[in-house]
Amino acid sequence: MKTNILTAALSFLTLAAVAQKDQVKNAEDAIDDGNYAEAQAQLKVAEQNLGELNDKWTESFYLYKGQAYYQDGKATSAEDLKTAAMAFEKAAEMGNEDAAETLSKLKNDMIQGAIDDQNSQNYASAAEKLLTSYEISKVDTIYLYYAANNYVQAENYDKAVEYLEMLNDLGYDGSTTTYTAVNIETGETETFNSKEQRDLMVKSPNYKDPSVEKEPSKKGEIASLIARIYINQKQYDKAVESIEAAKAANPDDVSLLMSEANMYYQMGDTEKAVGVLENAGEKDPNNPQTFNNIGLMYAELGKHEKAMENYNKALQLDDDYNEARINLIASLLNGERKIIDEMNSLGMSKADTKRYDELNAERQELYKETIPYLEKALEKDPSDQNVIKTAMNIYSNLGMQDKVDEMKAMLEQ
Numbered sequence: 001m002k003t004n005i006l007t008a009a010l011s012f013l014t015l016a017a018v019a020q021k022d023q024v025k026n027a028e029d030a031i032d033d034g035n036y037a038e039a040q041a042q043l044k045v046a047e048q049n050l051g052e053l054n055d056k057w058t059e060s061f062y063l064y065k066g067q068a069y070y071q072d073g074k075a076t077s078a079e080d081l082k083t084a085a086m087a088f089e090k091a092a093e094m095g096n097e098d099a100a101e102t103l104s105k106l107k108n109d110m111i112q113g114a115i116d117d118q119n120s121q122n123y124a125s126a127a128e129k130l131l132t133s134y135e136i137s138k139v140d141t142i143y144l145y146y147a148a149n150n151y152v153q154a155e156n157y158d159k160a161v162e163y164l165e166m167l168n169d170l171g172y173d174g175s176t177t178t179y180t181a182v183n184i185e186t187g188e189t190e191t192f193n194s195k196e197q198r199d200l201m202v203k204s205p206n207y208k209d210p211s212v213e214k215e216p217s218k219k220g221e222i223a224s225l226i227a228r229i230y231i232n233q234k235q236y237d238k239a240v241e242s243i244e245a246a247k248a249a250n251p252d253d254v255s256l257l258m259s260e261a262n263m264y265y266q267m268g269d270t271e272k273a274v275g276v277l278e279n280a281g282e283k284d285p286n287n288p289q290t291f292n293n294i295g296l297m298y299a300e301l302g303k304h305e306k307a308m309e310n311y312n313k314a315l316q317l318d319d320d321y322n323e324a325r326i327n328l329i330a331s332l333l334n335g336e337r338k339i340i341d342e343m344n345s346l347g348m349s350k351a352d353t354k355r356y357d358e359l360n361a362e363r364q365e366l367y368k369e370t371i372p373y374l375e376k377a378l379e380k381d382p383s384d385q386n387v388i389k390t391a392m393n394i395y396s397n398l399g400m401q402d403k404v405d406e407m408k409a410m411l412e413q
């Protein structure tokens with residue numbers, strides 16, 4: 001009697017395995033016919049008793065599942081792509097080369113899809129695809145960073161802050177160093193895997209102009225984003241807590257101080273913002289970008305003399321830093337607005353006319369003070385149309401027609 005029961009049970013298991021093989025085979029046929037919905041349906045049934053299949057059939061199951069959800073790259077939803085990726089990954093782990101190759105293509109397609117979504121401002125979809133890319137390969141933390149940023153753009157602040165906080169928990173830094181050289185034959189700049197590889201290629205006659213490109217740490221930017229979200233949600237305690245935690249973990253990161261200053265500025269605490277800015281300058285006295293950023297913050301606070309002082313510090317450290325020079329010009333010309341407003345408020349009396357002439361002379365002096373900076377900015381970058389137009393307007397107001405014509409010629413070029 002016991003033998004009969006065992007025989008019946010074995011027969012049932014054999015029949016079940018045969019049925020599952022049929023379902024896997026049916027899924028393969030459906031995929032060949034392009035009927036992906038049918039393939040998915042067959043595989044869902046087979047998956048209920050997947051343990052009954054041997055390794056060969058299990059490998060095929062995962063390969064076909066990946067193909068059924070990937071749909072020759074036509075799957076549009078992040079969820080389907082994730083399902084396909086996980087299936088291909090399991091098949092690849094079992095030694096399936098087709099699955100490994102298609103998984104690589106799927107990852108590339110998903111990233112390109114996210115880029116396309118970004119370009120069409122479909123940030124929510126881009127975020128989902130980037131998040132899926134991270135979940136497929138959790139060593140690629142950069143995708144989690146980009147996903148969080150897209151959630152910010154999509155104004156889904158709850159998800160954005162969730163993944164930004166996750167990046168902090170993971171200790172994500174995001175700084176990179178890239179080694180490049182110019183291919184003499186093509187004229188293209190190429191990236192190498194290491195400094196040693198780059199240096200070796202430069203020793204050959206095929207490459208020149210070795211260079212190092214550095215991407216700064218993103219910790220400050222992440223802390224700033226988290227703080228901005230919490231400030232937007234009026235959760236000020238959490239905003240301060242986020243910045244303080246980031247500073248404790250990275251005490252020498254000046255970008256965190258800039259983020260902290262911006263946070264206090266947004267909260268309306270300008271005194272604290274200025275104090276943090278000065279601290280940033282003390283900690284990073286040889287970085288022109290730090291002083292340029294300090295200048296920008298002072299300009300935001302309406303303290304243009306302090307702003308120009310810091311722009312000049314940036315230029316003393318790096319005379320080629322044209323961004324600081326242009327910011328300095330903007331702060332200089334900020335004084336023009338007050339002069340023009342007073343000029344426009346004057347009447348026609350003798351006293352008003354006298355005051356108008358005084359203000360006009362003051363305005364002319366301001367323009368003359370600005371000219372050396374404009375000319376230096378154009379010397380450094382003669383293609384900057386905004387600077388050319390500003391210079392042309394100033395020359396016109398000063399009656400310097402020859403210089404106006406020169407600026408017009410530069411614009412036409």
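Numbered according to the UniProt record's numbering, the sequence shown terminates at residue 413, and the numbering increases by one at each position without gaps.
Just so you know, even glycine gets a beta-carbon here, dropped at the ideal spot from N, CA and C.
- Query: In the region 362-402, which residue ranges form an unbroken alpha helix (DSSP H) of at least 4 residues, counting only runs that do not cross its ends?
  - Reply: 385-397
Measure the alpha-carbon distance for residue 131 versus residue 137 and round it to whole angstroms. 10 Å
Beta-carbon gap between residue 62 and residue 87 smaller than 7 Å: yes
Exercise. Going straight from the alpha carbon of residue 253 to that of residue 294, what length do you get?
Worked result: 15 Å
For residue 190, count neighbouring Cβ atoms within 10 angstroms of its own Cβ and tell me buried if that reaches 16, exposed if not.
exposed
*Of the residues 71, 59, 172 and 259, which one's Cα is nearest the Cα of residue 30?*
71
Assess, as a yes-or-no matter, whether the region 180-195 is touched by the region 154-168 under the definition of 3 or more beta carbon pairs within less than 8 Å.
-> Contact between the region 154-168 and the region 180-195 is not established, with fewer than three Cβ pairs separated by less than 8 Å.
Three-state class that DSSP yields for residue 77 in the structure shown: Three-state result, residue 77: coil.
**OP:** Using alpha carbons as the reference points, say which of 174, 45 and 120 lies closest to residue 140.
**Re:** 174
Fill in: Residue from 102, 60 and 73 with nearest C-alpha to residue 94
60
field: Local conformation of residue 212 per DSSP, three classes
entry: strand
(request) Could you tell me the distance, in whole angstroms, from the CA atom of residue 388 to the CA atom of residue 342? (result) 27 Å
What is the C-beta distance between residue 367 and residue 397, in whole angstroms, given that I count them as a contact (C-beta under 8 Å)?
-> Between residue 367 and residue 397 the beta-carbon gap is near 6 Å, inside 8 Å, which marks them as a contact.
Between 233, 299, 143 and 313, which has its C-alpha nearest residue 289's C-alpha? Measuring from the Cα of residue 289, the nearest candidate turns out to be 313.
Tell me residue 227's beta-bridge partners as DSSP assigns them.
DSSP lists no partner for residue 227.
Taking Cβ to Cβ, would you say residue 68 is nearer than 7 Å to residue 40?
yes
Helix, strand or coil: how does DSSP classify residue 58 here?
helix
Q) What residue does the alpha helix (DSSP H) around residue 37 start on, and which one ends it? A) 36-47
Q | Residue interval of the beta strand (DSSP E) (run including residue 179) | A | Residue 179 -> beta strand (DSSP E) spans 176-183.
Between residue 386 and residue 307, what straight-line distance do the alpha-carbon atoms span, to the nearest angstrom?
21 Å
### Message
I'd like to confirm the pairing. Which residues does DSSP put opposite residue 189 in its beta bridges?
### Response
The partner list for residue 189 (beta bridge, DSSP) reads 182.
task: Report the option in 128, 345 and 209 whose CA atom is closest to the CA atom of residue 188.
output: 209
Per DSSP, what kind of secondary structure is residue 264 in: helix, strand or coil?
-> helix
Check: Mind checking residue 15: buried by the 16 CB within 10 Å criterion, or exposed?
Finding: Because residue 15 carries a pLDDT of 42, less than 50, the predicted location of this residue cannot be relied on, and the following value inherits that uncertainty. Its Cβ having fewer than 16 others within 10 Å, residue 15 is exposed.
Give the C-beta separation of residue 85 and residue 103 to the nearest angstrom, bearing in mind that I take them to be a contact with Cβ-Cβ under 8 Å.
In this structure residue 85 touches residue 103 by the C-beta definition: roughly 6 Å separates them, less than 8 Å.
Q.
Quick test of your reading: residue 320 and residue 380, contact by CB under 8 Å. State the CB separation rounded to the nearest angstrom.
A. 6 Å
Practice problem: Just grab the DSSP bridge partners of residue 207 for me. | Solution: 183
Query - Distance between residue 401 and residue 339 (C-alpha atoms, nearest Å) - result: 24 Å
### Query
My guess is that residue 149 and residue 246 are in contact by the Cβ rule of under 8 Å, so how many angstroms apart are they, rounded?
Not quite, the Cβ-Cβ distance comes to about 17 Å (not below 8 Å), so this is no contact.
Q. Relative to the alpha-carbon of residue 218, which residue among 334, 236 and 164 has its alpha-carbon at the smallest distance?
A. The shortest C-alpha separation from residue 218 is found at 164.
Checklist entry - DSSP state of residue 321, grouped into three classes? => result coil
Please report how far the alpha carbon of residue 198 lies from the alpha carbon of residue 216, in whole angstroms.
Using only the alpha carbons, I get a separation of about 21 Å.
> Do you know offhand how far residue 109's Cα is from residue 299's?
Replying inline: 44 Å
- If we count the other Cβ atoms within 10 Å of its Cβ and call it buried at 16 or more, is residue 96 buried or exposed? buried
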